[in-house]
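Written out below as structure tokens is the structure these notes cover.
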Amino acid sequence: MTSPGTELVAPDDAAIPVRRRAHWHAGVLLAVLLGGLYLARRHWPALESGAGRLAGADQGWMLVGATAALGTWAASALAQQGAVLRRLPGPRLVAAQFAASAANHLLPAGLGAGAVNLRFLMRCGLPAGRSASALAVKATAGAVVRLTLIALLAPFCPGLLRLPDLSATALLGALGAAALLGVLFATPLWPRCRPALAAVLADIRALHASPARAAALWGGSLAFAALHSTVLVAVTRAVGLPLPPLQVALLYLAASSAAALLPTPGGLGSLDAALALALTVSGAPGAAAASAVLGYRLLTVWLPLLPGLLVLGVLVRRKAL
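With the working numbering as the guide, the letters of the sequence shown map in order to residues 256 to 576.
Take a look at the structure:
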């Protein structure tokens, strides 16, 4: 029985697909993490040897990698400023990127970083739609930059990136399945996505009408990818991994692009496996590849994680988020 003046509200039907997608993401996340744990257990001797090798790494190169890791947050802030026409507060913008990187390692598929940046932009006075569009513009620029760098570096490292051998029947079957899934999912979603896509395209045109904003967007996106590549190059040098820097950079760009397809927190498990596999296939010993991946994760995830969460708490307390 309800009291006077109250009404029973039926569940919102629109929330059901959202819950289903959340359950699907959680299931994929669990499967990837379990797969990562299985691989870690199976290759534990190589991981243990890699950790020991990392302990004796060259400190000078590790310092270079740490410096490059610090620069990634400034590059991310520059790209985010380039994605909006309004001028954002510089110090708080950098702090928000630092906090977003920590939050990104707690939630799948970049939801942590997206939520922090969305809240920050809204606190800066941007409407929710414009804030979401700015995040989409930044993500699009980052993806375009990565693919462009892969295309530019691949000719200098012939044979490094090899696609698996597939029969014509298997290839046609995979393409047919992808096309069928695209039709099934795009047909009901297109009416909802079309206004959002139109808003993103309008924002891109407006941003490129301002040379300063366009330079910040593309320059920040380029610097972000280059600095992350530099971190891995420095770590490989520190552990004595005999691979040319251009090859290491290309392997990082390809592995990180592939790992982005799996919705794990900060690429946990997916990026580690992709990087280790890429380094090993390119000729690196298993222990050296494991130590390089561990060192990269140490500089970009584990050491900044606690300070990033503290900065996140400070920003929330000061109502900057």
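Glycine included, every Cβ here is placed at the ideal spot set by N, Cα and C.
Computed from a predicted structure; not experimentally measured.
1. Could you have a look at K574 and say whether DSSP puts it in helix, strand or coil?
2. Measure from the alpha carbon of R385 to the alpha carbon of each residue in T485, A338, V571, then state which is nearest.
3. Am I right that L373 and L348 are in contact with their C-beta atoms under 8 Å? What's the rounded C-beta distance?
4. Can you give me the C-alpha to C-alpha distance between L416 and R460, rounded to a whole angstrom?
5. According to DSSP, is S537 helix, strand or coil?
6. Measure the C-alpha to C-alpha separation of L577 and F353 and round it to an integer number of angstroms.
7. Please return the same chain residues whose Cβ sits closer than 7 Å to the Cβ of V488, not counting the five positions on each side in sequence.
8. Just to confirm, are L477 and L404 a CB contact at a threshold of 9 Å?
9. Looking at C-alpha atoms only, which residue of M377, C412, A533 is the closest neighbour of L343?
10. Here's the rule: buried if 16 or more other CB atoms are within 10 angstroms of the residue's CB, otherwise exposed. What is P562?
11. Helix, strand or coil: which one does DSSP assign to V371?
12. With distances taken Cα to Cα, identify the nearest neighbour of A575 among G380, V486, L554.
13. What is the DSSP secondary structure of V475, reduced to helix, strand or coil?
14. So is A350 buried or exposed if we call it buried at 16+ other beta carbons inside 10 Å?
15. Among residues of its own chain, excluding the 5 on either side of L444, which ones have a beta-carbon nearer than 6 Å to its beta-carbon?
16. Going by DSSP, what residue range makes up the alpha helix (DSSP H) through A510?
17. Which same chain residues, not among the five before or five after L309, have their C-beta less than 7 Å away from its C-beta?
18. Would you kindly work out how many angstroms separate the C-alpha atoms of A481 and P382, rounded to a whole number?
19. Would you kindly report the start and end of the unbroken alpha helix (DSSP H) that includes W328?
According to the data block:
1. It is coil, neither helix nor strand.
2. Distances from the CA of R385 to each of T485, A338, V571 were compared; the closest alpha carbon is that of A338.
3. About 14 Å separates the CB atoms of L373 and L348; that is not less than 8 Å, and the two are not in contact.
4. R460 has its alpha-carbon roughly 34 Å from the corresponding atom of L416.
5. Under the three-state reduction of DSSP output, S537 falls in the coil class, being neither helix nor strand.
6. Because the chain in this structure spans residues 256 to 576, residue 577 falls outside the shown range and cannot be described.
7. Correct list, in chain order: P500, V503, A504.
8. Yes, the Cβ-Cβ distance between L477 and L404 is below 9 Å.
9. L343 has its Cα closest to that of M377, out of M377, C412, A533.
10. Per the 10 Å Cβ criterion, exposed.
11. V371 falls in the helix class under three-state DSSP.
12. Cα-wise, what sits closest to A575 is G380.
13. The amino acid occupying residue 475 in the given sequence is Gly; Val does not appear at that position. DSSP places G475 in helix when its eight states are reduced to three.
14. By the Cβ-count criterion, A350 is buried, with 16 or more other Cβ atoms from all chains shown falling within 10 Å of its own Cβ.
15. The pLDDT assigned to L444 is 49, lower than 50, so where the model puts this residue is not dependable; a value taken from the coordinates is nonetheless given after this. For L444, where only same-chain residues beyond five positions count, there are no Cβ hits under 6 Å.
16. Unbroken alpha helix (DSSP H) run through A510: 500-514.
17. Cβ-Cβ distances below 7 Å link L309 to V494, S546, L549, G550 in the same chain, with the five nearest sequence neighbours on each side left out; the list follows chain order.
18. Computed Cα separation, rounded: 32 Å.
19. Under the DSSP assignment, W328 falls in the alpha helix (DSSP H) whose first and last residues are 314-337.
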